[in-house]
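Visitor:
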Amino acid sequence: MLESYIIARDRFLVPNGKMFPSTGRICMAPFTDEYLFIEIANKALFWQQPNYFGVDLTSLYGSAFHGYFSQPVVDAFDPRLLLSPAIYHTLNFLSIKEEELYEIDIPLKFKSTVGAKVHGLACWFDVLFNGSKVERWLTTAPGSPTTHWYQIRCVLQQPLYVMAGQEITGRLHMVAHNAQSYTINLTMSAKMWGQGADQDGILQTSSCKLDLKDPYYRLSQQPYTWSTQQDQQPQQQSQELTVQTHDTDSPGLMRPMCESPNATLNL
Numbered sequence: 001m002l003e004s005y006i007i008a009r010d011r012f013l014v015p016n017g018k019m020f021p022s023t024g025r026i027c028m029a030p031f032t033d034e035y036l037f038i039e040i041a042n043k044a045l046f047w048q049q050p051n052y053f054g055v056d057l058t059s060l061y062g063s064a065f066h067g068y069f070s071q072p073v074v075d076a077f078d079p080r081l082l083l084s085p086a087i088y089h090t091l092n093f094l095s096i097k098e099e100e101l102y103e104i105d106i107p108l109k110f111k112s113t114v115g116a117k118v119h120g121l122a123c124w125f126d127v128l129f130n131g132s133k134v135e136r137w138l139t140t141a142p143g144s145p146t147t148h149w150y151q152i153r154c155v156l157q158q159p160l161y162v163m164a165g166q167e168i169t170g171r172l173h174m175v176a177h178n179a180q181s182y183t184i185n186l187t188m189s190a191k192m193w194g195q196g197a198d199q200d201g202i203l204q205t206s207s208c209k210l211d212l213k214d215p216y217y218r219l220s221q222q223p224y225t226w227s228t229q230q231d232q233q234p235q236q237q238s239q240e241l242t243v244q245t246h247d248t249d250s251p252g253l254m255r256p257m258c259e260s261p262n263a264t265l266n267l
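One point on numbering: in UniProt numbering, the residue at position 159 of the sequence shown is 159, and numbering is uninterrupted.
(1) In three-state terms, what does DSSP make of Ala141?
(2) Taking one C-beta from the stretch 80–88 and one from the stretch 24–34 each time, how about it: are there three or more such pairs within less than 8 Å?
(3) By a C-beta neighbour count over all protein chains shown, 10 Å radius and 16 as the cutoff for buried, is Phe69 buried or exposed?
(4) When DSSP labels each residue in this structure, what does Phe20 get in the three-state scheme?
(5) Considering Asn185, what are the terminal residues of the alpha helix (DSSP H) in which it resides?
(6) Do Ile184 and Asp211 come within 9 Å of each other at the CB atom, strictly closer than that value?
(7) Within the UniProt domain "Protein arginine N-methyltransferase" (41–186), note down every full beta strand (DSSP E) run reaching 3 residues or more, in order along the chain.
(8) So what does Ala29 bridge to, in DSSP terms?
(9) For Leu36, which of helix, strand or coil comes out of DSSP?
(10) Can you tell me which of Gly165, Gly67, Arg25, Ala122 puts its alpha carbon nearest to the alpha carbon of Asn92?
(11) DSSP has Tyr217 in a bridge; who is on the other side?
(12) Would you mind sorting Ala164 into buried or exposed? The rule is 16 or more other CB atoms within 10 Å of its CB.
(13) Is it the case that the CB of Asp56 approaches a heavy atom of the ligand PLP more closely than 8 Å?
(14) Have a look at Ile96, Asp214, Thr187 and flag the residue whose alpha-carbon is nearest the alpha-carbon of Gln157.
(15) Just reading off the beta strand (DSSP E) that Leu203 is part of, what are its end residues?
(16) Compare the C-alpha of Phe46 against each of Lys18, Phe65, Glu103 and name the closest.
(17) Taking DSSP as the reference, what is the three-state secondary structure of Leu2?
(18) Closer than 6 Å by C-beta to Gln236: which residues in its own chain qualify, once you throw out the five before and the five after it? Chain order, please.
(19) What does the alpha-carbon distance come out to for the pair Cys208 and Ala176?
(20) Ala76: which of Met192, Pro142, Leu2 sits nearest, CA to CA?
(21) Please confirm whether Asn130 and Thr23 have their CB atoms less than 9 Å apart.
(22) Where does Ser4 land, buried or exposed, given buried means 16+ other C-beta within 10 angstroms?
(23) Suppose contacts are defined by Cβ-Cβ distances below 9 Å. Is Arg11 in contact with Leu94 by that definition?
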């Protein structure tokens, strides 16, 4: 979709013409979700049967397990599952070149707000409609009104263990393929302390490879929203972008939830 948008700009946009949206942001944050992890892992249990109508399926279990975890999960989830404020990668649609979309490499660096298992990376996007007098953000963030894009979660086969205040690092590498989508290579790392570890800790690393064209649509799950002020966890929220306009209180204005100080990653 982005490639078509940029090609249309190059072919049809007049000099000094307007683009709506003019800016996009890929937002990312680590998450914890034991139920989702168990749900995906249990899908492979079928292939552990040694006698399925006389057929031994156990030799296929490893491939099946890997295959289920290679599917990005598309659903709406509770934003309280996020372990840190989100960072974002900015795409300027006015100046970006088509070739820059073929391969997108994003370094990851977060600080966990709670101690938990890191089950993977959650992703969503915001786009800016920048008019002459009004700026409007459309966000697909968890906790915002659910859109048909939902959110995407990349689930690790091997979760990481982190404590509150611990740093989580990694890399999200997206490579375009012929099916007009991306192959996602995700690596996440965190140090672990405990019995047998030295004072610098033991580095845990977990990686996965996913095909964005072959997602697991988990849309039967009930979307989550924050219903009360007490339900919100400020330490896990990202700061909102201040928009200097006269109608920022308009109910039609949806503000992005992925902005975090010093987290801008410009393309």
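Glycine included, each C-beta is placed from N, C-alpha and C at the ideal position.
Fair warning: this is a prediction, and the values are worked out from it, not measured in the lab.
Guide: In short, the structure shows the following:
(1) Ala141 falls in the coil class under three-state DSSP.
(2) Touching, per the Cβ criterion.
(3) Counting every other CB atom within 10 Å of its CB across the protein chains shown gives Phe69 a total of 16 or more, marking it as buried.
(4) Here Phe20 sits in coil by DSSP.
(5) For Asn185, no alpha helix (DSSP H) run applies; the uninterrupted beta strand (DSSP E) run containing it begins and ends at 181–192, by DSSP.
(6) Cβ atoms of Asp211 and Ile184: closer than 9 Å.
(7) Whole beta strand (DSSP E) segments, 3+ residues: 73–75, 87–92, 103–111, 116–130, 135–139, 151–162, 167–177.
(8) Note: Ala29 sits in a beta bridge opposite Ala122.
(9) Helix, per DSSP.
(10) Closest by alpha carbon: Arg25.
(11) Its beta-bridge partners are Val74.
(12) Ala164 comes out exposed.
(13) Because no ligand of any kind appears in the structure shown, any question about the ligand PLP cannot be addressed here.
(14) Answer by Cα proximity: Thr187.
(15) Unbroken beta strand (DSSP E) run through Leu203: 202–211.
(16) Comparing alpha-carbon positions, the option among Lys18, Phe65, Glu103 lying closest to Phe46 turns out to be Phe65.
(17) In the structure shown, Leu2 falls within a helical segment according to DSSP collapsed to helix, strand and coil.
(18) In this prediction, Gln236 scores a pLDDT of 42, lower than 50, which makes its location untrustworthy; the coordinate-derived value is nonetheless stated afterwards. Excluding residues within five positions, the ones whose Cβ falls inside 6 Å are Leu82, Thr113.
(19) So the two alpha carbons sit approximately 17 Å from each other.
(20) Distance check between Ala76 and each of Met192, Pro142, Leu2 places Pro142 closest, using alpha-carbon atoms only.
(21) A Cβ-Cβ contact shorter than 9 Å links Asn130 with Thr23.
(22) Burial check for Ser4: the Cβ neighbour count within 10 Å stays below 16, so the residue is exposed.
(23) In this structure, Leu94 does not lie closer than 9 Å to Arg11 by Cβ.
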